[in-house]
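Residue numbers for the sequence shown, in the working numbering: 562 to 681.
Glycine included, each C-beta is placed from N, C-alpha and C at the ideal position.
Notes for the one structure printed next.
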Amino acid sequence: MNFIGNIIWLLFGGIIAAIAWFLAGLILCVTIIGIPFGIQCFKISTFVLWPFGKEIEIGDFGVGGLIFNIIWLIVFGWEFAIAHLITGVVFCITIVGIPFGIQHFKFAKLGIIPFGAKMH
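Structure (structure tokens):
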């Protein structure tokens, strides 16, 4: 079932979302300061490409991860989180779109706290 969900996900916007995260990573990597944030965007991009059957575990990020998460949240993380929350709500309006809305809610968590998050 996860395979079918991922194929439908790719056809109806998953590729676009993954490309958007990847492009955000490229833009962040242009500056030296943005490289750690860009790397997180690349990780999230691969997760967004094939999300069904995977879970996010917000875990140990230490002091450095805490500082990076705070910077991430203040500078651009809240935009990613809000975008995924709104998209998730729109998908959840229909019964057919609920599984896709749930995936966007997972991405909203990553939009808030990407450092230290593990994707299984």
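C-beta atoms of residue i and residue j nearer than 8 Å
{"i": "residue 583", "j": "residue 633", "result": "no"}
{"i": "residue 602", "j": "residue 585", "result": "yes"}
{"i": "residue 575", "j": "residue 610", "result": "yes"}
{"i": "residue 567", "j": "residue 613", "result": "yes"}
Identity of the residues DSSP links to residue i by a beta bridge
{"i": "residue 679", "result": "618"}
Status (buried if at least 16 other CB within 10 Å, exposed otherwise) for residue i
{"i": "residue 648", "result": "buried"}
{"i": "residue 538", "result": "Past the boundaries of the shown model lies residue 538; the chain is included only from 562 to 681, so the question cannot be answered."}
{"i": "residue 598", "result": "buried"}
{"i": "residue 630", "result": "buried"}
{"i": "residue 681", "result": "exposed"}
{"i": "residue 625", "result": "exposed"}
Pick from the options that is closest to residue i, judged by C-alpha positions
{"i": "residue 565", "options": "669, 601, 670, 660", "result": "660"}
{"i": "residue 667", "options": "627, 646, 576", "result": "646"}
{"i": "residue 643", "options": "577, 581, 669, 589", "result": "669"}
Inset, instruction - Would you check if there are 3 or more beta carbon pairs closer than 8 Å linking the region 584 to 594 to the region 649 to 665? - result: Verdict: no, contact absent.
Inset, instruction - Would you be able to state if there are at least three C-beta pairs under 8 Å between the region 601 to 608 and the region 562 to 571? - result: Too few Cβ pairs lie closer than 8 Å, so no.
Legend entry - At least 3 beta-carbon pairs within less than 8 Å: the region 628 to 642 vs the region 612 to 619: No, the region 628 to 642 does not touch the region 612 to 619.
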